[in-house]
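In our numbering, the protein residues as written are 952 to 1955. Beta carbons: idealized from backbone N, C-alpha and C, even for Gly.
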């Protein structure tokens, strides 16, 4: 099997003064890695030697290799197997020679001290010097590690120690410059970090002194405004955030000399919403109220590594109760289990793969060893301070000593951990990349095998698989009594700072096109950024929902859009516990909600603002027939009867209407109500609301102003409401008509009003009652501009004046609008019948067809000039769209009603059918227009229910597009757009044939 023990033996588990025992590196090599290409290795080595000979005072590297052939073979293998170490060797043969001649442990210690003491006149000088030292360290560690001259702890401690030293040097430079600008007064100018209040916490492997070869460093940066000696003319929040940004630049910006460490600040509290450097009070407040389970686990490894070490220690002491629970009780265990439950445990089943395996996050990998240790630390560390250590290997020993694990678990996990960390380092030595993925190709795997000291790829793969299986077995045993969350789905892990690759795979398999974004969205819920996730209980309820929620969203036509919709929904929720519990116990409700999120963003917005609309979905009646007018009326009456005062009645009416509008929409998107019936349903609802609100308004006005004795009042519905063609976005076009007996001049209340003034006030109150926003939102936008003389006329219209106006003064377009008028609320049936009679008389007036046609086509031309569009999806205004069909129907009704009054109908579809039956419209034209009208109505209902703005096919959610295709009965959008274009062209042709050519006036 080759030199396996060189990197995995038990002697590598403790940091020692130096495994090399004080000898130079070239005499300490114990591993002879094979070369992937000996010929190329020899050529590369020749290049190094040639470069060394180029200077008279150059290093005697040729002599060293001549005297020690084993070292020559070692270097040749290194140069052929890893391009990163080859580049470092070629860059500076003198450095390579010095490394080989020095004791590795002593050289590492020297490099760390030089880094810590780095001073520079400028930022660029500091950056250059630290990068050159990092190159030296990387080559020293790489050669010594592969050669078996140092152990794992020396490698990781060397890397972490260098990160600490580089951070200290950078901070010292920044603070010194800040002091020179008069913004900082150091307690000790030679040591400005001391008592600076600027805290750098090393997290993860850096915090545990376990940093890997090409690792990022994870930092949390804090400042304590109470102790920081910031000058009075400066703000700590501003200066320390600016300094943090500069610190990151010094550490990670790539220059000609490379970089020091990539730096990640995302482990700080709620990184999407907090500054790069956070105040200590702010961080303490977060951990006390919103800290999550995974953050407890992450903070186990937190270590003050640079800046004000004393202040860092004080901060960690302050949050100790958050990390370490005082008692080993069921609550603490449950808290830890909430982390563990999210991991799908394979319990050793299924196949492992070597090629492409993630050594860190994959099954049986490094993360499982760390998690094995950390979960037990969280449970037991509260009572046993000996289990609060940062280092994984130390804590394996501690768990054994405390009786939490057995000897075989400690030995096998320790040995596997050391082996896997060595593999991780060699992966990263290939190209200095922050990756833990084994190469997928045979040559790449062979390079790793040789760098590990194995004689063949097969031997390495066998050894590697054995470690994975051991880790997996112990890990699974730890969790064998835990419920498996989403075991049918796969991993669903939404904790920590890294995205779990198997969770990404699970989400991708479920249909999420952007699984990384999905993970980040779900993670963000647990930062308590939204009002509905502020409490710990709400976050726990939400965590329990993850599997069923992910399944429901994945079941929609667009999982990614549905998740984004649900995220927007959560962002607007005022509270979450009740809803999350409701959804958990009613999965069918969650499925419906997921459908809404994916298909109808407008409805999702409604739910987020008015969560109570979901209540009625739980009513079995939801799955029955669409409520009739009487059922709507009885339902509204029932809720209004519970109102104790007028304002409460308005709120209750809003709640009722919003619920019913939402249910109509839900029936549409869930395919239990066809699109062509939605208009009737919405109109029925609006009629009931207007009628019942009018009654309440009359009573409210009467409290102060009384009634008009013998007075009559009615509301005339126009437009879409009149034609029973309402959409979710329709306004209410209304006219209020009244009539008072002769001799009555004013109302009879405590504060009487003149008749016209009384009904104007009544109309104003009606408009307010219907449209003004209350705590429960608004009901409808209301438009009274279709009354005689429009906005210039009185708000309330006397019936006599209305009749006279229609007979003598009304324009043709006003009579066109009148074809859709109908009474929807009235103080008596007699008054409603009287109005309807006069409407029919007005509409049945004999007309000059040619003059009428000129008026209609001119009106269409003016509208086209103002609102015309080439967008085929503007189904109303586009040439050949809804307006053309409505105008055809209205023109023909006005042209023929004198002789055939039965052609009058408020709805366009009914009017076209009656015109066909009366012989006023050919069957071919009628069929064509009716077919177009029905398609337009179906598509419009979907668009208005699903979206708030303009429909742009390339930007709309897939769920919306699919609803449109279903409504149209076509297979794809391209086909639908082609059909629409043809239909619109045909409808315009029918318009010009029946009414006349549309000649849009010029703009000049």
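Tell me where the alpha helix (DSSP H) around residue i begins and ends.
{"i": "residue 1258", "result": "Not the alpha helix (DSSP H): residue 1258 falls in the beta strand (DSSP E), residues 1254 to 1258."}
{"i": "residue 1273", "result": "1271 to 1274"}
{"i": "residue 1374", "result": "1358 to 1382"}
{"i": "residue 1639", "result": "1626 to 1656"}
{"i": "residue 1418", "result": "1408 to 1429"}
{"i": "residue 1472", "result": "1466 to 1476"}
{"i": "residue 1330", "result": "1317 to 1331"}
{"i": "residue 1196", "result": "1187 to 1203"}
{"i": "residue 999", "result": "989 to 1004"}
{"i": "residue 1457", "result": "1452 to 1461"}
Could you pull out every residue in the same chain whose Cβ sits closer than 8 Å to the Cβ of residue i, ignoring the five residues on either side in sequence?
{"i": "residue 1938", "result": "1831, 1832, 1835, 1836, 1879, 1880, 1883"}
{"i": "residue 1598", "result": "1725"}
{"i": "residue 1643", "result": "1584, 1587, 1588, 1591, 1604"}
{"i": "residue 1740", "result": "1756"}
{"i": "residue 1786", "result": "1665, 1667, 1688, 1750, 1774, 1777"}
{"i": "residue 1844", "result": "1770, 1794, 1854, 1855, 1856, 1862, 1866"}
For residue i, which of the options has the nearest alpha-carbon?
{"i": "residue 1161", "options": "1527, 1455, 1371", "result": "1371"}
{"i": "residue 1902", "options": "1336, 1824, 1654, 1741", "result": "1824"}
{"i": "residue 1606", "options": "1521, 1586, 1619, 1620", "result": "1586"}
{"i": "residue 1495", "options": "1543, 1424, 1445, 1514", "result": "1445"}
{"i": "residue 1324", "options": "1314, 1941, 1348", "result": "1348"}
{"i": "residue 1821", "options": "1935, 1186, 1177", "result": "1935"}
{"i": "residue 1693", "options": "1686, 1660, 1680", "result": "1660"}
{"i": "residue 1411", "options": "1650, 1425, 1395", "result": "1395"}
{"i": "residue 1100", "options": "1080, 1059, 1067, 1139", "result": "1059"}
{"i": "residue 1021", "options": "1055, 976, 1037", "result": "976"}
{"i": "residue 1609", "options": "1647, 1363, 1564, 1066", "result": "1564"}
{"i": "residue 1336", "options": "1272, 1304, 1373", "result": "1272"}
{"i": "residue 1209", "options": "1138, 1624, 1468, 1165", "result": "1165"}
Could you please give the first and the last residue of the uninterrupted beta strand (DSSP E) stretch that includes residue i?
{"i": "residue 1749", "result": "1747 to 1749"}
{"i": "residue 1230", "result": "1228 to 1230"}
{"i": "residue 1684", "result": "1683 to 1690"}
{"i": "residue 1667", "result": "1663 to 1668"}
{"i": "residue 1150", "result": "1149 to 1153"}
{"i": "residue 1164", "result": "Element bounds for residue 1164: n/a, residue is neither H nor E."}
{"i": "residue 1774", "result": "1773 to 1777"}
Under 7 Å Cβ to Cβ from residue i, same chain only, skipping five residues before and after it: list those, please.
{"i": "residue 1848", "result": "1794, 1795, 1854, 1855"}
{"i": "residue 1816", "result": "1951, 1952"}
{"i": "residue 1351", "result": "1358, 1361"}
{"i": "residue 1408", "result": "1393, 1396, 1397, 1400"}
{"i": "residue 1758", "result": "1793"}
Could you confirm whether any beta carbon from chain C is found closer than 8 Å to the beta carbon of residue i?
{"i": "residue 1863", "result": "In summary, chain C is missing from the structure at hand, where a single protein chain is found."}
Thinking C-beta only, is residue j closer than 8 Å to residue i?
{"i": "residue 1947", "j": "residue 1798", "result": "no"}
{"i": "residue 1517", "j": "residue 1504", "result": "yes"}
{"i": "residue 1493", "j": "residue 1470", "result": "no"}
{"i": "residue 920", "j": "residue 1514", "result": "Only positions 952 to 1955 of the chain appear in the structure, and residue 920 is not among them; the question remains open."}
{"i": "residue 1629", "j": "residue 1914", "result": "no"}
{"i": "residue 1645", "j": "residue 1611", "result": "no"}
{"i": "residue 1452", "j": "residue 1312", "result": "yes"}
{"i": "residue 1479", "j": "residue 1329", "result": "no"}
What residues in its chain sit with their C-beta under 6 Å from that of residue i, if we drop five residues either side in the sequence?
{"i": "residue 1944", "result": "none"}
{"i": "residue 1308", "result": "1389"}
{"i": "residue 1002", "result": "1044"}
{"i": "residue 1671", "result": "1677, 1681"}
{"i": "residue 1088", "result": "1062, 1113"}
{"i": "residue 1332", "result": "1275, 1338, 1339"}
Given the structure, does residue i come close to the ligand ADP, in the sense that its CB is under 7 Å from one of the ligand's heavy atoms?
{"i": "residue 1092", "result": "Although the ligand ADP was asked about, the structure shown includes no ligands whatsoever."}
The segment 1020 to 1033 contacting the segment 983 to 991, beta-carbon criterion three pairs below 8 Å: yes
For the segment 1705 to 1725 and the segment 1645 to 1659, state whether three or more C-beta atom pairs, one from each stretch, are separated by less than 8 Å. yes
Please determine if the segment 1071 to 1086 and the segment 1416 to 1423 are in contact, where contact requires at least 3 C-beta pairs separated by less than 8 Å. no
Is the segment 1489 to 1505 close to the segment 1538 to 1548, with three or more CB pairs under 8 Å? yes
Can we say the segment 1327 to 1346 touches the segment 1123 to 1130, given the rule of at least three CB pairs closer than 8 Å? no
Between the segment 1135 to 1153 and the segment 1244 to 1261, are three or more C-beta pairs nearer than 8 Å? yes
Validate contact between the segment 1104 to 1121 and the segment 1227 to 1245 using beta carbons, cut 8 Å, 3 pairs: no
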